[in-house]
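Visitor: In the working numbering, the protein residues as written are 12 to 128. For every residue, glycine included, the Cβ atom is placed at its ideal position computed from N, Cα and C. Since we're looking at a predicted model, the values are computed, not measured. Okay, handing you the structure first.
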C-alpha cells in the first residue's frame, strides 16, 4: 500500500530557510575567491594596469613571486593580493578620503559598433 506524504507550511518554511542559507554561503564564498587561482602575465597586467616592463621589474625585484612552466609565467592570486597589502601606504591624518563610486571608475566595456558599408 502506498503512503502519502503531506507537506506542511512549516516544512516549506524550513526548506526555504535552509535553501537561502546555503545560497548565501555559496555566493559569499564565490565573491571572495577568484574564479581561478593562477593568472597568466597578460591577466595580471590587465588586473593591475601594468606595462610588461613593470611586471617584469616586480618579478626581478622579488616583489611578486611567480611560477614558470615552459615559456608561460603564472602568478598566484593570493601573492598578488599580499603584494598589494604589503605595499599599501597609509594616508596622513586629515587627508580627504572621498572617492567616486566604482561604477564610475570601472565602466563596463561595451562592444564597438560595426561600421555598415
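With DSSP collapsed to three states, give me the class of residue 17.
Guide: coil
Visitor: Entirely within the region 46–83 and at least 3 residues each: give me those beta strand (DSSP E) ranges in chain order.
Guide: 49–51, 78–80
Visitor: I need the straight-line Cα distance from residue 99 to residue 92, nearest angstrom please.
Guide: 11 Å
Visitor: Going by beta-carbon coordinates alone, are residue 86 and residue 35 separated by less than 8 Å?
Guide: Against a cut-off of 8 Å, the Cβ pair of residue 35 and residue 86 comes out as no contact.
Visitor: Suppose the cutoff is 7 Å on Cβ atoms and the five residues either side in sequence are ignored; what does the same chain contact list for residue 66 look like?
Guide: 52, 55, 56
Visitor: Report the rounded CA-to-CA distance for residue 75 versus residue 47, giving the unit in angstroms.
Guide: 18 Å
Visitor: Does the distance from the CB of residue 59 to the CB of residue 88 come in under 8 Å?
Guide: no
Visitor: Rounded to a whole number of angstroms, what is the C-alpha to C-alpha distance between residue 69 and residue 77?
Guide: The C-alpha of residue 77 is placed about 10 Å away from the C-alpha of residue 69.
Visitor: By the DSSP assignment, the alpha helix (DSSP H) with residue 92 in it spans what residues?
Guide: 88–97
Visitor: Can you grab the Cα-Cα spacing for the pair residue 16 / residue 28, in whole Å?
Guide: Answer to the nearest angstrom: the Cα atoms are 21 Å apart.
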